[in-house]
Amino acid sequence: MNRIIKKYSTFLEKSSSTFGAATKKNGVKCKRGCNECCTVGFFDITLLDAIHLRSALKKVPAEVRKRVIARANEQLDILEKKKAFSRKDPLLKTLPSIDAISRRSAKMSCPALENGICMVYEMRPHICRIFGPTIRGPRRSVQLEGCGYFKKDIPEADYPIFDHYTEEKKLQKAMFVKAGRKRIREVDTIIPAALTLDLKKWL
Ligand code: SF4
């Protein structure tokens, strides 16, 4: 499993670097200090992202890690009280369940955000690295809907998002196969769960 996590780390770095080059080329850098996408509730992340994040968390200084985990646990307590999430069943299996958690957590910020800064920046999930400007494919089709703050888009030719998804899927498959499954489970989770729970047992 460690080998897969390491490969995923390399994949994330590569994706960030291609995306960075595409934003530079198209002049679509995020506004300095903007962290709105980290403050409007929880979105879904893959189990591979979650397991990678938890595993890389040990690189964060102990004091910071303690604060981040404490915030994540407080948020999970609130969500459990609202019956919006369960630590006993931390997987999101359907689009309605993803929509529901996103609605119920709409006023929450990511537990990794501190004074406007991402405390897990080097290990942040894939979507955190590529969200912002809309990515468009042939005939201006939307391949990834952006946050709406950008007047310009990124053409898919500069950031081939589906090639990245294919590569990501291969690593996800390797992770599930390693865990004894025959195919990928289409399940996601949220960042507070990734930071606090050992999700390997849910593979
Ligand atoms: S992990 Fe970092 S970039 Fe992603 S939502 Fe949290 S604070 Fe924002």
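Position one of the sequence shown corresponds to residue 41 (my numbering), numbered consecutively onward.
A virtual CB, placed ideally from N, CA and C, is assigned to each residue, including glycine.
Nothing here was measured: the structure is a model prediction, and the numbers come from that model.
Exercise. Looking only at DSSP bridge pairs, what is I175 linked to?
Worked result: L184, I194
Exercise. Hey, how far is the Cα of A214 from the Cα of A146?
Worked result: 33 Å
Exercise. Can we count Y161 as close to the ligand SF4, meaning its CB is less than 8 Å from some heavy atom?
Worked result: yes
Exercise. Distance, Cα to Cα, C168 vs N42?
Worked result: 22 Å
Exercise. To the nearest angstrom, how far is it from the Cα of E196 to the Cα of S55?
Worked result: 13 Å
For this session: Examine the Cβ distances between the region 221-232 and the region 86-95 and report whether three or more of them are shorter than 8 Å.
Result: yes
For this session: Considering only heavy atoms of the ligand SF4, list every residue whose Cβ is less than 5 Å from one of them, following chain order.
Result: C78, C150, A152, L153, C158, R164, C168
For this session: Flag this pair as yes or no: are the beta carbons of F82 and C150 separated by less than 9 Å?
Result: yes
Exercise. Going along the chain, which residues of its own chain have a beta-carbon closer than 7 Å to the beta-carbon of F51, five neighbours each way excluded?
Worked result: E207, E208, L211
Exercise. Just the Cα atoms here: how many angstroms apart are E103 and C77?
Worked result: 25 Å
For this session: Please find out if some non-hydrogen atom of the ligand ADP comes closer than 8 Å to the beta-carbon of K192.
Result: Looking at this structure, you won't find the ligand ADP anywhere; what it does contain is the ligand SF4.
Problem set entry | Alpha carbon of P130 to alpha carbon of I109, nearest angstrom | 16 Å
For this session: Would you kindly work out how many angstroms separate the C-alpha atoms of N155 and S57, rounded to a whole number?
Result: 25 Å
Exercise. Does DSSP classify I85 as helix, strand or coil?
Worked result: strand
Exercise. Are there 16 or more other CB atoms within 10 angstroms of the CB of Y6, so buried, or fewer, so exposed?
Worked result: The requested residue 6 does not occur in the structure, where the chain is confined to residues 41 to 243.
Exercise. DSSP beta-bridge partners for I157?
Worked result: E154
Exercise. Cα separation between I203 and I44?
Worked result: For the sequence presented, residue 203 should be read as Asp rather than Ile. Using only the alpha carbons, I get a separation of about 18 Å.
Exercise. By how many angstroms is the C-alpha of K99 removed from the C-alpha of G186?
Worked result: 30 Å
Exercise. Who are the Cβ neighbours of S142 in its own chain at under 7 Å, not counting the five residues just before and after it?
Worked result: G81, F82, F83
Exercise. At which residues does the alpha helix (DSSP H) containing Y205 begin and terminate?
Worked result: 201-218
Problem set entry | Cβ-based neighbour list, R176, same chain, cut-off 8 Å, excluding 5 preceding and 5 following | V182, Q183, D193, I194, P195, E196
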